[in-house]
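A short write-up of the structure that comes next.
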DNA sequence: ATAGGGTTAG
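In the UniProt record's numbering, the protein residues as written are 1 to 654.
Given below as structure tokens:
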């Protein structure tokens with residue numbers, strides 16, 4: 001007869017159990033009990049053992065609990081044994097030895113015990129053995145649980161093993177009663193989606209008799225991750241009861257698909273419907289604001305975060321996202337204030353701030369922060385090194401960059417990736433060490449990609465080296481044949497070397513391939529925070545006439561000061577007059593003219609652009625900052641340019 | 001037991 005003994009409590013390895021010891025109850029136990037009381041005591045004992053197992057973190061502790069269990073005559077108690085095996089799996093005890101031994105001593109394993117064993121084998125990578133156990137379980141006539149299937153589906157999803165997934169799917173139908181199980185259905189959708197079979201997941205969803213918000217959200221996320229926001233939105237609209245997770249999925253979906261305005265719109269609706277905002281929602285919205293780069297929205301979302309109790313001081317993830325957001329909104333000083341306010345900074349906070357400094361050309365600040373980070377004994381990761389190498393590059397700290405690059409693998413255990421090599425090629429290339437950069441590419445430990453060769457090609461333009469440029473271009477045209485930018489760069493390099501026959505050959509190649517320039521556009525935040533968007537030659541704006549006039553006036557004043565339009569920036573093989581016209585219409589120039597017309601004189605003019613700023617526009621911005629006395633901040637797809645009194649923070653290299 | 005999250009180079 002199982003009884004609770006004093007010994008059990010006192011020798012229990014776990015202090016929590018000891019604290020739970022109640023002498024009154026023990027007195028009861030020692031007196032004779034009725035069968036129902038015995039049953040009740042047994043239940044109490046079982047739950048004590050289970051909670052003891054919850055606290056176990058090593059095999060030795062589990063063995064002690066096991067010893068008590070045997071002492072109490074519970075060697076056939078599947079409930080506790082299943083928990084014991086799950087706990088052993090959690091502490092990574094090899095399932096084949098100790099757990100297997102326990103399992104084989106049980107005469108009538110229940111489905112929970114079978115499932116615990118199956119799960120153990122799956123988690124330890126023995127999928128075939130788990131399938132084997134499942135067959136045994138079926139052959140002795142034991143009915144599986146929903147959980148049994150979900151264990152398999154989870155494993156298939158993680159291993160992207162759709163063929164096993166389909167077999168288990170067939171089993172859920174074969175065994176009967178599981179095809180309509182909500183939990184099984186949901187884990188099955190997830191399995192198909194993770195294996196890349198979104199349509200199969202959809203089919204499961206469509207055939208489910210009962211669906212809950214989880215089923216819907218799984219599919220919404222799957223569509224969003226697939227870049228199909230239209231299907232995601234359609235599902236979202238149909239979803240009868242939307243919870244905060246579903247809302248967040250759609251907001252984040254837009255943010256991750258580079259549609260920040262829609263993300264913000266949906267978030268605003270979410271707030272109007274008074275759905276609770278939590279950290280995960282905020283992170284998605286903050287990322288959308290970072291992409292948009294508009295201060296009004298940035299400040300708004302920060303207020304929302306703070307009033308929801310997740311300000312930068314409260315939550316490190318929100319704080320780090322805000323650092324990134326303010327950097328990308330052009331306010332690197334504000335980013336640093338937020339950074340300083342984060343109570344428990346982590347590697348994300350530091351990396352974001354280092355990248356922020358690097359992006360704004362404040363290389364020394366970035367490197368200083370990197371050293372502060374090391375002092376606080378925080379381990380840098382691969383992104384941290386991208387930030388700090390970029391920073392070195394922008395300040396021309398070649399030797400320091402070399403040392404950091406060498407140290408990353410040797411001292412910090414971060415193996416250099418293609419991205420880090422790209423930074424190094426950029427660093428060496430900018431400083432004019434083209435041969436060394438080429439040598440680095442040729443001896444790379446990983447396969448060079450288009451970015452690496454692109455960095456080299458960019459450096460060849462600055463340092464006018466057509467030979468190495470040709471080599472880089474050969475690789476680029478193979479790796480990334482439809483990227484027009486590479487052809488233009490090569491053209492410029494040949495043109496400045498006077499190699500006109502090569503120029504016309506490349507131009508012909510571009511024509512034959514029918515490569516078209518990406519639609520470049522710029523946007524600017526007006527006084528009240530509204531966004532004005534411009535394409536090249538755009539006349540849609542209600543103030544178009546004034547804008548064109550202001551631009552012409554500005555260019556005339558610049559020309560009087562010696563500005564000559566830089567025709568190299570136009571890739572097309574057209575007449576110079578036409579080129580001049582095209583240059584004049586570049587979207588960032590229109591945005592600048594609008595900014596001059598309609599923003600406060602003491603505020604910087606902030607322009608965002610989806611492509612890299614061209615040389616001519618860069619020159620115009622420099623000149624405009626001098627003539628007008630206005631500070632101009634431009635974010636292109638690479639970095640920030642702060643124009644002040646005739647010069648740019650990028651030092652004319654970008 | 002099952003659904004949503006932050007930093008990435010030319």
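Note that the Cβ used here is the ideal one computed from N, Cα and C, for glycine as well.
Model, not experiment: these values are computed from the prediction.
- Rounded to the nearest whole angstrom, the C-alpha separation of residue 651 and residue 475 is 29 Å.
- In the DSSP annotation of this structure, the continuous segment of the alpha helix (DSSP H) that includes residue 135 starts and ends at 127-139.
- Of all alpha-carbon atoms in 202, 190, 225 and 240, the one lying nearest the alpha-carbon of residue 213 is that of 240.
- Taking the Cα of residue 144 as reference, the smallest distance to any Cα among 320, 411, 114 and 161 is reached at 114.
- The criterion of a C-beta distance shorter than 8 Å is satisfied by residue 597 and residue 543.
- The Cβ atoms of residue 290 and residue 324 sit closer than 8 Å to each other.
- DSSP places residue 295 within a helical segment (H, G or I) once states are collapsed to three.
- A straight-line Cα-Cα distance of about 11 Å links residue 299 and residue 331.
- Around the CB of residue 371, fewer than 16 other CB atoms lie within 10 Å, so the residue is classed as exposed.
- If you look at residue 525, you'll find it in the beta strand (DSSP E) that goes 521-525.
- For residue 63, the uninterrupted alpha helix (DSSP H) run begins and ends at 59-71, by DSSP.
- Under the three-pair Cβ rule at 8 Å, the segment 599-619 counts as touching the segment 630-645.
- A buried status is given to residue 119, since no fewer than 16 other beta-carbon atoms sit within 10 Å of its beta-carbon.
- With fewer than 16 other beta carbons inside 10 angstroms of its own, residue 364 counts as exposed.
- About 5 Å separates the beta carbon of residue 489 from that of residue 461, a gap short enough to meet the 8 Å contact definition.
- Residue 205 is bridged by DSSP to nothing; it lacks a bridge partner.
- Boundaries for residue 178: no alpha helix (DSSP H) harbours it, and the DSSP string shows neither H nor E there.
- In the DSSP assignment, residue 310 falls outside any alpha helix (DSSP H) and carries neither an H nor an E.
- A distance of 8 Å or more separates the beta carbons of residue 244 and residue 218.
- Taking C-beta separations shorter than 7 Å and ignoring five residues to either side along the sequence, the partners of residue 200 in its chain run 192, following chain order.
- Residue 67 has its alpha-carbon roughly 37 Å from the corresponding atom of residue 175.
- By the CB criterion at 8 Å, residue 485 and residue 456 fall outside the cutoff.
- Per the Cβ contact rule, the segment 47-54 is in contact with the segment 65-84 (3 or more Cβ pairs under 8 Å).
- When the five nearest sequence neighbours on each side are left out, the beta carbons in the same chain lying within less than 7 Å of the beta carbon of residue 283 are those of 317, 318 and 321, in order along the chain.
- Listed in chain order, the beta strand (DSSP E) elements of length 3 or more contained wholly in the UniProt repeat "PPR" (315-345) amount to none.
- The Cβ neighbour count for residue 453, taken over all protein chains shown within 10 Å, is at least 16; the residue is labelled buried.
- Proximity of the segment 422-438 to the segment 396-412 meets the contact definition, three or more beta-carbon pairs being nearer than 8 Å.
- Assignment of residue 613 by DSSP, reduced to helix, strand and coil, places it in the coil class.
- The Cβ atoms of residue 380 and residue 418 lie no closer than 8 Å to each other.
- Taking all protein chains in view, the Cβ of residue 616 is crowded by 16 or more other Cβ atoms within 10 Å, so the residue is classified as buried.
- In the three-state reduction of the DSSP assignment, residue 608 falls in the strand class.
- Segment contact: the segment 557-567 against the segment 512-529, fewer than three CB-CB distances shorter than 8 Å; contact not assigned.
- Setting aside the 5 residues that flank it on each side, residue 251 is surrounded in the same chain by 263, 266, 267, 270, 281, 284, 285 and 288, each with a C-beta closer than 8 Å to its C-beta; the list follows chain order.
- Straight-line spacing of the CA atoms in residue 589 and residue 494 works out to 27 Å.
- Beta-bridge analysis with DSSP links residue 274 to no other residue.
- Contiguous beta strand (DSSP E) elements confined to the segment 530-555 occur at 531-535, taking only those with 3 or more residues.
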